[in-house]
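Following: one structure in structure tokens, then a few remarks.
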Amino acid sequence: MKFDGILFFPVTPFDVHGRVDTAVLEQHLETSLTHSPGGVFPACGTGEFHALSASEAAGVVRTTVDVVAGRVPVVAGAGGPLGHALEVARAAADAGADGLLVLPPYLVGGPQAGLAAYVEAIAEASPLPVVVYHRGTAVYSPDTVRRLVANPKVVGFKDGVGDIGTAQLIVRAVAEEGRDDVAFFNGLLTAELTQAAYRGIGIPLYSSAAFAMAPDIANAYYRAYVDGDEERRLALVDGFYAPLVRLRDETPGFGVSLIKAGLRLAGLPVGSVRPPLVDPTPEQEERLAGILASGRALLESAAV
Numbered sequence: 001m002k003f004d005g006i007l008f009f010p011v012t013p014f015d016v017h018g019r020v021d022t023a024v025l026e027q028h029l030e031t032s033l034t035h036s037p038g039g040v041f042p043a044c045g046t047g048e049f050h051a052l053s054a055s056e057a058a059g060v061v062r063t064t065v066d067v068v069a070g071r072v073p074v075v076a077g078a079g080g081p082l083g084h085a086l087e088v089a090r091a092a093a094d095a096g097a098d099g100l101l102v103l104p105p106y107l108v109g110g111p112q113a114g115l116a117a118y119v120e121a122i123a124e125a126s127p128l129p130v131v132v133y134h135r136g137t138a139v140y141s142p143d144t145v146r147r148l149v150a151n152p153k154v155v156g157f158k159d160g161v162g163d164i165g166t167a168q169l170i171v172r173a174v175a176e177e178g179r180d181d182v183a184f185f186n187g188l189l190t191a192e193l194t195q196a197a198y199r200g201i202g203i204p205l206y207s208s209a210a211f212a213m214a215p216d217i218a219n220a221y222y223r224a225y226v227d228g229d230e231e232r233r234l235a236l237v238d239g240f241y242a243p244l245v246r247l248r249d250e251t252p253g254f255g256v257s258l259i260k261a262g263l264r265l266a267g268l269p270v271g272s273v274r275p276p277l278v279d280p281t282p283e284q285e286e287r288l289a290g291i292l293a294s295g296r297a298l299l300e301s302a303a304v
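If you read the sequence shown in our numbering, its first letter stands for residue 1, the second for the next number, and so on.
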């Protein structure tokens, strides 16, 4: 799989009865695809994988594959309880996905041998290549990543921990194993704030939750990042991303909740988040609207 551009993690819309709203999902995907993401990752973190049944996740992936229609890679989430992970991995393959993002196991964190076996079991469950997500209950050592990349089906590594030193050692370990085809992603929340540092250690790709609600702003940042235009990049950091992160950090789970709120503010009826996440208060939504307006004002200024 080759990724060229921002990695897009769509939300999963729910209707007023709490069911997955396929029609709104199609609209969300089509609108976002016009902004040329490098790949689409349905039913992952921003898509509330934690709250989806196996059949719901399969439906979200199937809809995404149909809408994307081969324009960019589609990488589906697979994780949580091992039985659930294997089921959704097989369903994603049946739906026509191009790969899997292996999310952390549920609740427990095993030793390194167990974590490696968890990834290997998911990789074995379907013909799809896998991207390993380094986060939460799944924190992999460089030696464990060496073991994993001995399997040619392991084609990517996404860091959601934020330990730059360990990430650097993992990048080097993969290179020492002779794998030059492994894609490395920065998967921290609001990755735009840390991506300059990640590029310096050989991790050029990043996921962008902000792209799901404001692809115009996210693409302006991406262009500045790729072009090395620090004035434009830092203007967006100061005027949009830093205020967004301050609001995000007020409430656990707002990395997803704010994205859905931003889409609702734009007129797309994606519904609420599912428990245990909560929606922003009206006052927080008002502040989010102001942050989005400030970001778009920057797009119209000479600075960006």
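Glycine included, C-beta positions come from ideal geometry on N, C-alpha and C.
Collapsed DSSP secondary structure at residue i in the structure displayed
i	result
S55	helix
N186	strand
A297	helix
K158	strand
V108	coil
G39	strand
P14	Reading off the sequence, residue 14 comes out as Phe, not Pro. Residue state, collapsed to three classes: strand.
F211	helix
F9	coil
Cut-off 7 Å between Cβ atoms - residues of its own chain near residue i, not counting five sequence neighbours on either side
i	result
T63	T22, L25 and E26
V245	T190 and L193
A173	P142, V145 and R146
V72	P37, G38, G39 and V40
F9	F41, C44, G45, T46, G47, S207, A209 and A212
Buried versus exposed call for residue i [16 or more other C-beta atoms within 10 Å across all chains shown]
i	result
E300	exposed
E48	buried
V61	buried
S208	buried
P275	exposed
T12	buried
K2	exposed
R19	exposed
8 Å CB neighbourhood of residue i in its chain, flanking five on each side removed
i	result
V278	T251, G253 and S257
Identity of the residues DSSP links to residue i by a beta bridge
i	result
A78	V102
R135	A138
Y206	N186
F3	Beta-bridge pairing links F3 to no other residue.
V130	L100 and V154
V20	F14
Anticipated Cβ contact below 8 Å, residue i with residue j, distance rounded
i	j	result
G262	M213	3 Å
L236	L265	Not quite, the Cβ-Cβ distance comes to about 19 Å (not below 8 Å), so this is no contact.
A92	L82	That pair is no contact at about 15 Å.
G39	V65	In fact, because the Cβ distance is near 13 Å, the residues do not count as touching under 8 Å.
I203	D163	Rounded, the Cβ-Cβ distance is 12 Å, inconsistent with contact.
L247	I217	At roughly 15 Å, the Cβ-Cβ gap does not stay under 8 Å, so L247 and I217 are not in contact.
Close-in-space but distant-in-sequence residues of the same chain around residue i (CB under 6 Å, 5 per side omitted)
i	result
A138	P104 and L115
G136	P104
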